[in-house]
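To keep things clear, I will list the structure first and then write my remarks on it.
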Amino acid sequence: MIKKLTKAGNSRALIIDRTLIELMGIDEENARVKIEMHGTQMTVTPIKDADIQDQVTNLLDRTNKRFGTALKKMAE
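In this note's numbering, the protein residues as written are 0 to 75.
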């Protein structure tokens, strides 16, 4: 599929057709995607609420491991 970028202010936007949105399983109410660059190729991956919860949990675990002692002292 070949698409043309659309001007959006000082940027360019890529319009994703409804069919592709449905195939990717993107929730239109809370449409969030992860964009990764691999050289000149771009990968667009839908972000699910479960993925975000996993990321938050991992971040909190890393924070507690690194700063747990200091946070406990500050709380006293």
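We put the CB at the ideal spot given by N, CA and C, even for glycine.
Residue i versus residue j: straight-line alpha-carbon distance, rounded
i, j, result
"M0", "K47", "25 Å"
"V43", "M23", "9 Å"
"L58", "E27", "27 Å"
"L4", "T62", "40 Å"
Buried versus exposed call for residue i [16 or more other C-beta atoms within 10 Å across all chains shown]
i, result
"I14", "exposed"
"I51", "exposed"
"I25", "buried"
Secondary structure of residue i, DSSP reduced to three states
i, result
"A30", "coil"
"E75", "coil"
"M23", "helix"
"T39", "coil"
CB of residue i within 7 Å of CB of residue j, strictly
i, j, result
"V32", "P45", "yes"
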